[in-house]
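Comments concern the structure below.
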Amino acid sequence: MHHANQCLNCAHHLETEDKFCPECGQAAKTHPRITMHHISHEVVHAVAHADKGFFHLIRALATQPGTTIKEYLSGKHKKYFSPFSFFFIVLGIYVLSNSILRPFDSVTTTSTTYTKDGKTYTQKYPSKKQQEKFNKISARVATAMNFMNTRTNIVLCISTPFIALIMFLLYRRKLFYAEQLVIMTFVNGFLNLLSIFIFTPLMYFAKGTHFYMVLVMAMMLTHLVYIAIVYHSILNLSATIKGYIQATLTALAGLIGWIILSFTLIFLYIMWGVLF
312 MHHANQCLNC AHHLETEDKF CPECGQAAKT HPRITMHHIS HEVVHAVAHA DKGFFHLIRA
372 LATQPGTTIK EYLSGKHKKY FSPFSFFFIV LGIYVLSNSI LRPFDSVTTT STTYTKDGKT
432 YTQKYPSKKQ QEKFNKISAR VATAMNFMNT RTNIVLCIST PFIALIMFLL YRRKLFYAEQ
492 LVIMTFVNGF LNLLSIFIFT PLMYFAKGTH FYMVLVMAMM LTHLVYIAIV YHSILNLSAT
552 IKGYIQATLT ALAGLIGWII LSFTLIFLYI MWGVLF
């Protein structure tokens with residue numbers, strides 16, 4: 312490294328004692344050429360820096376999520392990794408893991424699949440019109456499941472601002488919508504991380520078994536509890552039964568709102584091919 316006479320980023324003059332550019336904040340000491348050592352240093356610094364690194368944020372969201380988010384909302388941005396950078400990094404990993412493991416694949420239903428009364432769908436719906444309708448619905452189910460596996464980024468980029476909107480409507484006198492959006496960005500980023508390392512692999516191995524639905528319910532319960540913990544702290548609710556109930560109902564409102572919206576859209580598409 313060498314100390315430049317002027318900032319290589321904005322060309323502002325630098326004094327010998329300057330450690331950072333007073334104009335743009337870039338370090339005064341820089342590598343004259345980019346080398347593999349420089350790249351490795353930058354990667355380690357960006358991801359694992361003790362002050363505001365990626366892993367520091369994960370640890371903070373795992374141990375003190377409410378306090379962490381409250382500090383960020385209060386203006387302590389330098390202390391933490393950017394919530395939006397965190398969200399999109401995790402989102403990229405989540406999309407990749409879902410594309411490989413495909414945890415949302417359903418059991419394929421065909422015309423030879425047996426119904427509860429022991430008949431195949433062809434026997435139960437003998438008319439050509441009924442079979443054509445059944446085949447269209449089956450194809451749409453497969454398309455919807457493929458979308459959930461390969462387009463998780465779209466789903467989460469819709470769910471995060473939507474749940475934030477519900478929270479804003481509930482507490483519009485306490486928090487701006489932008490603040491609610493930051494909260495849900497932190498929350499969904501961390502919950503997606505849990506899905507990547509815990510729920511997605513387990514759901515992959517449990518596909519086609521009764522344990523699959525147990526995992527789905529466990530994942531939803533985890534979301535409910537985590538969001539409740541976060542809002543209990545952010546809203547400064549009392550450590551009483553009433554306070555915990557309010558936090559739980561708040562989390563429940565956000566999740567139910569999203570479930571209703573997403574299931575309605577999926578149902579309309581599967582039954583009638585309605586696209587939005």
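Just remember that the numbering used here sits 311 ahead of the position in the sequence shown, which is counted from 1.
All residues carry an ideal CB built from backbone N, CA and C; glycine is no exception.
These figures come from a predicted structure and were not determined experimentally.
Asked: Helix, strand or coil: how does DSSP classify Lys340 here?; Found: strand
Asked: Around the C-beta of Gly584, are 16 or more other C-beta atoms found within 10 angstroms, so that it is buried, or is it exposed?; Found: exposed
Asked: Look up Gln317 in the DSSP assignment and give the residues it is bridged to.; Found: His324
Asked: Report the option in Cys335, Lys387, Val406, Phe392 whose CA atom is closest to the CA atom of Phe365.; Found: Phe392
Asked: For the pair the region 437-447 and the region 455-466, tell me if three or more CB-CB distances fall below 8 Å.; Found: no
Asked: Between which residues of its own chain and Phe398 is the CB-CB distance below 6 Å, once the five residues before and five after are set aside?; Found: Thr496, Gly500
Asked: Looking at Arg462: is its Cβ nearer than 8 Å to the Cβ of Tyr580?; Found: no
Asked: Express the C-alpha separation of Pro414 and Met524 in angstroms, rounding to a whole number.; Found: 12 Å
Asked: Let me make sure I understand the geometry here. Which of Thr346, His348, Ser351, Leu319 has the alpha-carbon closest to that of Lys340?; Found: Leu319
Asked: If the criterion is Cβ atoms closer than 8 Å, does the pair Leu535 and Leu563 meet it?; Found: yes
Asked: Looking only at its chain, what residues have a beta carbon closer than 7 Å to the beta carbon of Ser549, apart from the 5 residues adjacent to it on each side?; Found: none
Asked: Consult DSSP for Phe331 and reduce its assignment to one of helix, strand or coil.; Found: strand
Asked: Is it buried or exposed for Phe395, if we count other Cβ within 10 angstroms and need 16 for buried?; Found: exposed
Asked: Can you tell me the Cα-Cα spacing of Lys390 and Ala373, whole angstroms?; Found: 16 Å
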